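Quick note: the sequence shown, position 105, residue 105 per the UniProt record's numbering, numbers continuous.
Beta carbons: idealized from backbone N, C-alpha and C, even for Gly.
Here the structure is a predicted model, which is why all the values come from computation and not from measurement.
As structure tokens, the structure follows; a few thoughts come after it.
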Amino acid sequence: MSYLLLEAEVPQMIWERKLKIKEIKDTVDMSKKDADREIADGGQVFIALIGCVEKCRDDFNQTVNERLKSTEKQAEDLIKELEQEIEDLTNRSSEVKQLSQTKDHLHFLQAFRSLKNPPPTRDWTTVEVCPPSYVGTLRTSLDQLEKTLNMEMKKLCNDGELKRVQQNEVDVTLDPDTANACELTLDPNTAHRHLFLCEDNRKVMQRGKTQRYPDHPERFDYHRQVLCREGLSGRCYWEVEWGGRVEIGVTYRGIPRRGKGEDVGFNFCSGERCDIPPESVFPVT
């Protein structure tokens with residue numbers, strides 16, 4: 001490998017590796033952003049699902065407590081009724097005892113008529129307090145929870161996808177840098193044989209080895225140049241990633257391409273071009 005070829009190749013190799021480092025870092029940064037967004041979205045979903053579970057738990061507890069309270073109310077009413085009967089019977093017992101101690105026979109006979117029958121009471125032999133049944137209560141709550149979770153998950157997933165689509169639409173709409181952007185590609189039919197095109201004709205590198213391009217009337221055969229496939233009009237600017245020494249300019253489509261005369265390869269319609277040496281940065285407009 002000649003010194004001149006080595007001098008041209010090494011900066012290019014360095015640039016390629018720096019570009020790969022940037023690509024890797026950008027991928028990691030994008031992955032972190034995606035992870036943060038996914039965690040945030042997932043957190044909202046789990047919060048909503050936890051809310052559904054807590055509501056189902058509260059409804060289950062309420063159902064059980066309502067049944068218990070109903071039993072407690074029934075028992076409380078029966079106890080009050082029993083206590084009232086006990087009080088009535090106690091009073092009757094006291095009255096009978098007092099009557100038995102009287103020596104007035106006429107009073108005894110008159111009072112006995114009203115005391116001979118016991119106070120009205122219920123037949124408590126058939127009265128029972130049945131404990132509440134909770135059979136199937138938990139199963140019913142879990143079935144309802146499953147339905148609710150399925151509906152909520154479907155709704156949240158649909159809302160999440162819609163939100164992402166809308167966010168992407170907003171991002172595209174609000175980004176002035178890409179609203180009128182045009183991706184340029186290099187025309188392989190114009191590339192000099194020492195220029196290597198790659199990445200879908202969006203990247204060009206100078207090679208010491210001659211490329212096996214087919215003959216084409218639009219190809220540069222002396223000056224190491226290549227044209228873009230797309231034509232431009234109006235005010236434009238480029239965003240270019242570069243390494244080594246490059247020259248960027250604007251030319252008419254009919255630029256001479258054969259031979260090495262002074263009029264070949266330099267038909268710049270703007271009269272301006274940008275020569276970028278290594279380790280230097282110049283805006284291209």
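*Determine the direct distance from the alpha carbon of residue 121 to that of residue 84, and round the result to whole angstroms.*
Start at 1 with the first residue of the sequence shown, and residue 84 comes out as number 84. Start at 1 with the first residue of the sequence shown, and residue 121 comes out as number 121. Their backbone Cα atoms lie some 9 Å apart in a straight line.
_Stretch pair the region 213-232 + the region 184-194: three plus CB contacts closer than 8 Å_ = yes
*Between the Cα of residue 209 and those of 222, 201, 193 and 224, spot the shortest distance and give me the residue it belongs to.*
Stepping through the sequence shown from its first residue, residue 209 is reached at position 209. It is 193.
*Please confirm whether residue 148 and residue 236 have their CB atoms less than 8 Å apart.*
Against the sequence shown, residue 148 aligns to sequence position 148. Against the sequence shown, residue 236 aligns to sequence position 236. Their beta carbons are not under 8 Å apart, which means residue 148 does not touch residue 236 by this criterion.
_Buried versus exposed, by CB contacts within 10 Å (16 or more), residue 225_ = Sequence index remark: in the sequence shown, residue 225 carries index 225 (1-based). Classification for residue 225: buried.
_Which of helix, strand or coil DSSP assigns to residue 195_ = By one-based count along the sequence shown, residue 195 stands at place 195. Residue 195: strand per DSSP, three-state reduction.
*Taking the C-alpha atoms as reference points, what is the distance between residue 75 and residue 82?*
On the sequence shown, residue 75 is found 75 positions in, with the first residue counted as 1. On the sequence shown, residue 82 is found 82 positions in, with the first residue counted as 1. Between residue 75 and residue 82, the C-alpha separation is close to 10 Å.
*State the Cα-Cα distance for the pair residue 223 and residue 250, rounded to the nearest angstrom.*
Within the sequence shown, numbered from 1, the residue matching residue 223 stands at position 223. Within the sequence shown, numbered from 1, the residue matching residue 250 stands at position 250. Their Cα atoms are separated by approximately 16 Å.
*Among all the DSSP beta bridges, which residues are the ones paired with residue 228?*
By 1-based counting over the sequence shown, the position of residue 228 is 228. Answer is 186, bridged to residue 228.
*If you scan the region 69-155 from start to end, which runs of the alpha helix (DSSP H) of 4 or more residues do you find wholly inside it?*
105-115
*Give me the Cα-Cα distance between residue 142 and residue 49, rounded to the nearest whole angstrom.*
On the sequence shown, position 142 is the one that residue 142 refers to. On the sequence shown, position 49 is the one that residue 49 refers to. Their Cα atoms are separated by approximately 14 Å.
_Under 8 Å, with one C-beta from each stretch per pair, do the region 121-138 and the region 58-73 reach the 3-pair mark?_
yes
*Name the DSSP bridge partner or partners of residue 203?*
Translated into positions along the sequence shown, residue 203 becomes position 203. According to DSSP, residue 203 bridges with 198.
*For the beta strand (DSSP E) that contains residue 249, what are its first and last residues?*
Position 249 of the sequence shown, counted from the first residue, corresponds to residue 249. Its beta strand (DSSP E) spans residues 246-251.
*Is residue 52 helix, strand or coil by DSSP?*
For this step, residue 52 is matched to residue 52 along the sequence shown. Note: residue 52 maps to helix in three-state DSSP.
_Closest to residue 260 by C-alpha separation, out of 94, 92 and 220, would be which residue?_
Indexing the sequence shown from 1 puts residue 260 at position 260. Closest by alpha carbon: 220.
_By the three-class DSSP mapping on this structure, what secondary structure does residue 181 have?_
The residue given as residue 181 occupies position 181 in the sequence shown. In this structure, residue 181 counts as coil in the three-state DSSP scheme.
*Using the rule of at least 16 other Cβ atoms within 10 Å of the residue's Cβ for burial, across every protein chain shown, is residue 42 buried or exposed?*
Within the sequence shown, numbered from 1, the residue matching residue 42 stands at position 42. It counts as exposed.
*Mark residue 212 as exposed unless 16 or more other C-beta atoms lie within 10 angstroms of its C-beta, in which case mark it buried.*
Locating residue 212 in the sequence shown gives position 212, where the first residue counts as 1. With fewer than 16 Cβ atoms within 10 Å of its Cβ, residue 212 is classed as exposed.
_Close Cβ partners of residue 92 (< 6 Å) along its chain, the five nearest in sequence each way excluded_ = Start at 1 with the first residue of the sequence shown, and residue 92 comes out as number 92. Contacts found: 119.
*If residue 185 sits next to residue 228, beta carbons under 8 Å apart, how far is it from one beta carbon to the other, in whole angstroms?*
Residue mapping note: residue 185 aligns to position 185 of the sequence shown, counting from 1. Residue mapping note: residue 228 aligns to position 228 of the sequence shown, counting from 1. Between residue 228 and residue 185 the Cβ distance is about 7 Å, and since that is below 8 Å, they are a contact.
*With distances taken Cα to Cα, identify the nearest neighbour of residue 55 among 146, 100, 126 and 20.*
In the sequence shown, residue 55 corresponds to position 55, counting from 1. Of the listed residues, the one whose Cα sits closest to residue 55 is 146.
*Which value, in whole angstroms, describes the spacing of the CA atoms of residue 103 and residue 94?*
Translated into positions along the sequence shown, residue 103 becomes position 103. Translated into positions along the sequence shown, residue 94 becomes position 94. Computed Cα separation, rounded: 17 Å.
*Please look up how many angstroms separate the CB atoms of residue 78 and residue 127, rounded, as I've assumed it's under 8 Å.*
The count along the sequence shown starts at 1 and reaches residue 78 at position 78. The count along the sequence shown starts at 1 and reaches residue 127 at position 127. The Cβ separation is near 7 Å, so the contact holds.
*Could you check the C-alpha separation between residue 139 and residue 40 for me, to the nearest Å?*
Start at 1 with the first residue of the sequence shown, and residue 139 comes out as number 139. Start at 1 with the first residue of the sequence shown, and residue 40 comes out as number 40. Each residue's alpha carbon lies about 33 Å from the other.
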